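Data first, discussion second: the structure below is written as structure tokens.
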Amino acid sequence: MKTIHAQSVASMQRDRRSLLDSFRQHKVLWIMLIPALVYFIVFCYTPMAGIWLAFTRFDFRLGFFGSPFVGLDNFQYLFKSGILWQLVRNTVLYNLAFLIIGNILQIVCAIFLSELMNKLFVKISQSVIFLPYFISMVLVGLFSYALFNVDNGLINTVLRSLGLQDYNFYLNANAWPPIIIAFQVWKGLGYGSIIYLSVISGIETDYYEAARIDGATKWQQIRYLTLPMLKPTFMLLFMFNLGSILKGQFQLFYQLIGDNGLLYSTTDIIDTYVYRALTVNFDIGMGSAAGVFQSVFGFVLVITVNAIVRKLNKEYALF
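Be aware that the sequence shown starts at 549, since it is given in the numbering used here, and climbs by one per residue.
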């Protein structure tokens, strides 16, 4: 035991000396880390103290520590009421649709752009596709209202001009999932396609020349060269986005749906529920409980999926 203790002490001393030596040799790099450390401490670790609110029935008069402790009552209400299942279902399904459909269309768009020979047309196309990424969600909401408004919206105006009956989108919850998915994919298409296009640009042209010499068609080059080369990037982006699968696009949902309770069955996600709990119902404890569940679920999901991916192929794992 004494020998093991002495070895551990000696190892700690070596690590301390190596850390000090590294600081002396790379002072500038260590100093440049300070803003990042301050950012994470102030905006990521300090707010974690708010987890305490998830176990209390918050009272503004009693304050943060004076509010009565209720244990797991907030979580029990979420599970027993059935609302949590609806929120999780909507959030997960929407994010999976954003992730899968968005990445597939981004890859297709990147491949098409890489195959175009007219460089001027490619640049113009990239600018047009990338432009929606910079559009505010407020403008997206106004654009949506201009399309789907029952009184003078574009779609209903066209329906009336054709002698057809109006369709009130804001009274039909089932009409909104494809609309929300379409808007999100449209906004992120340009940004994601540029990422995949940069990967395609980095592929050695010798591979394609060898494939052409062997008689490979354009589709065969894409299938057996381009797509396999894009697979690591796709898996990396998929793993990164998987951690936020319970974190919905709050601005998108709120600007498109707002406080229309008739559409909550298919459009209400965890983020919009937390917002209403904090600003409308003033139920701080319930909103905090939903937020804690969201974070814990995402953490467990990333760890689990990363372990599975690591067993299948270590190169695609995050850690």
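Ideal Cβ placement from N, Cα and C applies to all residues, glycine included.
Computed from a predicted model, the values in this text were never measured in an experiment.
Which of helix, strand or coil DSSP assigns to residue i
i, result
"residue 604", "strand"
"residue 798", "helix"
"residue 782", "helix"
"residue 847", "helix"
"residue 830", "coil"
"residue 852", "helix"
"residue 568", "helix"
"residue 553", "Low local confidence applies: a pLDDT of 48 at residue 553 is under 50, so the model's placement there is unreliable, and no value is given."
Length of the line joining the Cα atoms of residue i and residue j
i, j, result
"residue 851", "residue 790", "10 Å"
"residue 825", "residue 773", "50 Å"
"residue 554", "residue 571", "Per-residue confidence for residue 554 stands at a pLDDT of 49, beneath the threshold of 50, marking its modelled position as unreliable; the derived number appears in the next sentence. If I take the Cα positions, the gap works out to 26 Å."
"residue 862", "residue 714", "54 Å"
"residue 497", "residue 670", "Absent from the structure is residue 497, since the part of the chain shown begins at 549 and ends at 867."
"residue 675", "residue 770", "24 Å"
"residue 569", "residue 577", "13 Å"
"residue 579", "residue 573", "12 Å"
"residue 754", "residue 663", "16 Å"
"residue 585", "residue 703", "51 Å"
"residue 701", "residue 587", "45 Å"
"residue 742", "residue 692", "26 Å"
"residue 583", "residue 599", "25 Å"
"residue 619", "residue 640", "27 Å"
"residue 834", "residue 633", "15 Å"
"residue 786", "residue 705", "40 Å"
"residue 711", "residue 655", "40 Å"
"residue 673", "residue 808", "37 Å"
"residue 915", "residue 843", "Only positions 549 to 867 of the chain appear in this structure, which leaves residue 915 out of reach."
"residue 799", "residue 631", "21 Å"
"residue 649", "residue 857", "21 Å"
"residue 764", "residue 739", "31 Å"
"residue 680", "residue 595", "32 Å"
"residue 689", "residue 566", "55 Å"
"residue 624", "residue 668", "59 Å"
"residue 687", "residue 859", "45 Å"
"residue 730", "residue 698", "20 Å"
"residue 759", "residue 707", "51 Å"
"residue 830", "residue 788", "33 Å"
"residue 589", "residue 581", "12 Å"
"residue 575", "residue 616", "48 Å"
"residue 550", "residue 847", "Unreliable positioning characterises residue 550 in this predicted model, as indicated by a pLDDT of 47, which lies under 50. A coordinate reading is not provided."
"residue 643", "residue 735", "14 Å"
"residue 780", "residue 726", "29 Å"
Residue range of the alpha helix (DSSP H) that includes residue i
i, result
"residue 737", "724-749"
"residue 622", "621-629"
"residue 704", "702-709"
"residue 826", "818-827"
"residue 863", "Taken as a continuous stretch (DSSP letters only), residue 863 belongs to no alpha helix (DSSP H), as it is neither H nor E."
"residue 545", "The structure shown does not extend to residue 545, since the chain is modelled only from 549 to 867, so the question has no answer here."
"residue 677", "667-678"
"residue 759", "753-761"
"residue 814", "812-815"
"residue 686", "685-696"
"residue 769", "766-769"
"residue 613", "611-614"
Contact belief for residue i with residue j at Cβ below 8 Å, rounded distance in angstroms
i, j, result
"residue 657", "residue 784", "At roughly 19 Å, the Cβ-Cβ gap does not stay under 8 Å, so residue 657 and residue 784 are not in contact."
"residue 728", "residue 801", "7 Å"
"residue 745", "residue 661", "6 Å"
"residue 646", "residue 768", "Incorrect: roughly 31 Å between the Cβ atoms, too far for contact."
"residue 659", "residue 751", "Residue 659 to residue 751, Cβ: 11 Å. No contact."
"residue 610", "residue 832", "Not a contact, Cβ separation roughly 12 Å."
Residue i and residue j closer than 9 Å at C-beta
i, j, result
"residue 806", "residue 638", "no"
"residue 721", "residue 813", "yes"
"residue 635", "residue 817", "yes"
"residue 782", "residue 651", "yes"
"residue 719", "residue 810", "yes"
"residue 515", "residue 603", "Since the first and last residues shown for the chain are 549 and 867, residue 515 lies out of range."
"residue 793", "residue 849", "yes"
"residue 828", "residue 838", "no"
"residue 836", "residue 613", "no"
"residue 820", "residue 724", "no"
"residue 665", "residue 803", "no"
"residue 854", "residue 845", "no"
"residue 717", "residue 696", "yes"
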